[in-house]
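Residue 1220 in the numbering used here sits at position 64 of the sequence shown, with consecutive numbering throughout.
The beta carbon of each residue, even a glycine, is placed where N, CA and C say it ideally should be.
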Amino acid sequence: MNPISVFCFLTLLSIGLNKIPQVYGDLISDTCGKALYKDVCEKTLRADPNSRGAKVDGLAKIALKAASSSAKTTQGQITSLLKTAKDKAVIAALKDCNENYDGANSQLNDSLKAMVNKRYADVNIWVTAAMTDGDSCEDGFKKGTSPLTQANTNFGQLCSNVLAITNQIK
1157 MNPISVFCFL TLLSIGLNKI PQVYGDLISD TCGKALYKDV CEKTLRADPN SRGAKVDGLA
1217 KIALKAASSS AKTTQGQITS LLKTAKDKAV IAALKDCNEN YDGANSQLND SLKAMVNKRY
1277 ADVNIWVTAA MTDGDSCEDG FKKGTSPLTQ ANTNFGQLCS NVLAITNQIK
C-alpha cells in the first residue's frame, strides 16, 4: 500500500474516532438540557460508565438507578439518626421519614421493572410517588430543622431528572 494512502486512511480513522465521544457528550447534554436540574443530571450520567453509547432509554435507566441509590442512602441516614435522636418530635418525624422512604424504595423498584418492560407511563407514576414521599419526609420537620434537607433535596432532583429523561423516550 502506498504510504500516502496509509497516512490518509489513518488520519480519517483518527478524526472519526475522535468524534465518538463528542456524540456521546452531545446526547447527555441534549437529554439533560430538558431537565430542571441540568448540572445534577449531567454529573449523574457522566459518572456512570454505562452511559457511554447509551440511548435515551439507557440514560433514563441510569438516572433511575441513581435515584434508587439516593433513596437507599437516605434511608440509611435516617436509621443512623434514629439511633442518636433524643427529641420526641424529631424521632416521630424520622420514623415517618423511614416509612416514606420504605415506600419510595418500593416504588423505585417497581419503576425499574416497568422501565425494563418499556412501561414508561408507569415509571412516571411511581417516580412521582417516590418523589412525593421524599417531600413528605421533609415536610415532617416544618416545626424544626430537618437533618435530611440536603438528602431530600438531592433525592427530589434525581427523581425530577428521571421524569425529564423518561418523557423524552420515543
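Alpha carbon to alpha carbon, how far is L1319 from D1182? Give it in angstroms, no decimals. Position 26 of the sequence shown, counted from the start, is the residue given in the question as residue 1182. Position 163 of the sequence shown, counted from the start, is the residue given in the question as residue 1319. Taking the straight line from one Cα to the other gives about 20 Å.
Residue of A1248, N1206, C1293 and N1317 minimising C-alpha distance to A1191:
Position 35 of the sequence shown, counted from the first residue, corresponds to residue 1191. When each option's Cα is compared against that of A1191, the closest is N1317.
Should M1271 and V1279 be called a contact, given that it needs their Cβ atoms to be closer than 7 Å?
In the sequence shown, the residue the question calls residue 1271 occupies position 115. In the sequence shown, the residue the question calls residue 1279 occupies position 123. Cβ distance < 7 Å, so M1271 and V1279 count as in contact.
* **Cβ neighbours of N1261 in the same chain (closer than 6 Å, five flanking residues each side left out)** => The count along the sequence shown starts at 1 and reaches residue 1261 at position 105. Contacts found: A1227.
Does the beta-carbon distance from N1293 to N1265 come in below 7 Å?
Against the sequence shown, residue 1293 aligns to sequence position 137. Against the sequence shown, residue 1265 aligns to sequence position 109. In the sequence under discussion, the amino acid at residue 1293 is Cys, which differs from the Asn named in the question. In this structure, N1265 does not lie closer than 7 Å to C1293 by Cβ.
Looking at the unbroken alpha helix (DSSP H) that takes in K1211, where does it start and where does it end?
-> The residue you call residue 1211 lines up with position 55 of the sequence shown. Where K1211 is concerned, there is no enclosing alpha helix (DSSP H), given that its DSSP letter is neither H nor E.
**Q.** Of the listed residues L1304, A1277, I1184 and K1244, nearest to T1398 (C-alpha basis)
**A.** Here the chain covers residues 1157 to 1326 and nothing more, so residue 1398 does not appear.
C-alpha gap between G1240 and A1210, whole angstroms: Taking the first residue of the sequence shown as position 1, residue 1240 is located at position 84. Taking the first residue of the sequence shown as position 1, residue 1210 is located at position 54. According to the sequence shown, residue 1240 is Thr rather than Gly. Rounded to whole angstroms, T1240 to A1210 spans 43 Å at the Cα level.
Exercise. What number of angstroms, rounded off, separates the C-alpha of L1314 from the C-alpha of A1285?
Worked result: Counting from one through the sequence shown, the residue named residue 1314 turns up at place 158. Counting from one through the sequence shown, the residue named residue 1285 turns up at place 129. Cα-Cα distance, rounded: 13 Å.
Length-filtered (4 minimum) alpha helix (DSSP H) runs lying within the segment 1227-1305: 1244-1272 and 1276-1295
field: S1207 and I1218 closer than 7 Å at C-beta
entry: Counting from one through the sequence shown, the residue named residue 1207 turns up at place 51. Counting from one through the sequence shown, the residue named residue 1218 turns up at place 62. Yes, the Cβ-Cβ distance between S1207 and I1218 is below 7 Å.
On a Cα-Cα basis, can you pick out the residue from A1248, K1242, D1213 and K1299 that is closest to N1323?
In the sequence shown, residue 1323 corresponds to position 167, counting from 1. Considering only alpha carbons, the answer is D1213.
Measuring only the C-alpha atoms, how far is C1253 from T1187? Your numbering for residue 1253 matches position 97 in the sequence shown. Your numbering for residue 1187 matches position 31 in the sequence shown. Taking the straight line joining both Cα atoms gives about 31 Å.
Using 7 Å as the threshold, is the C-beta distance between I1321 and A1216 below it?
Working through the sequence shown from its first residue, we reach residue 1321 at position 165. Working through the sequence shown from its first residue, we reach residue 1216 at position 60. A contact, by the Cβ cut-off of 7 Å.
Q.
Just to confirm my understanding: we take L1201, look at its own chain, exclude 5 residues before and 5 after, and list those with CB closer than 8 Å. What are they?
A. Against the sequence shown, residue 1201 aligns to sequence position 45. If we look at L1201 and ignore the five residues flanking it on each side, its Cβ neighbours are I1184, T1187, C1188, S1207, L1215, I1218 and A1219.
Coil, strand or helix - D1204 by DSSP: Within the sequence shown, residue 1204 is the residue found at index 48, counting from 1. Coil, per DSSP.
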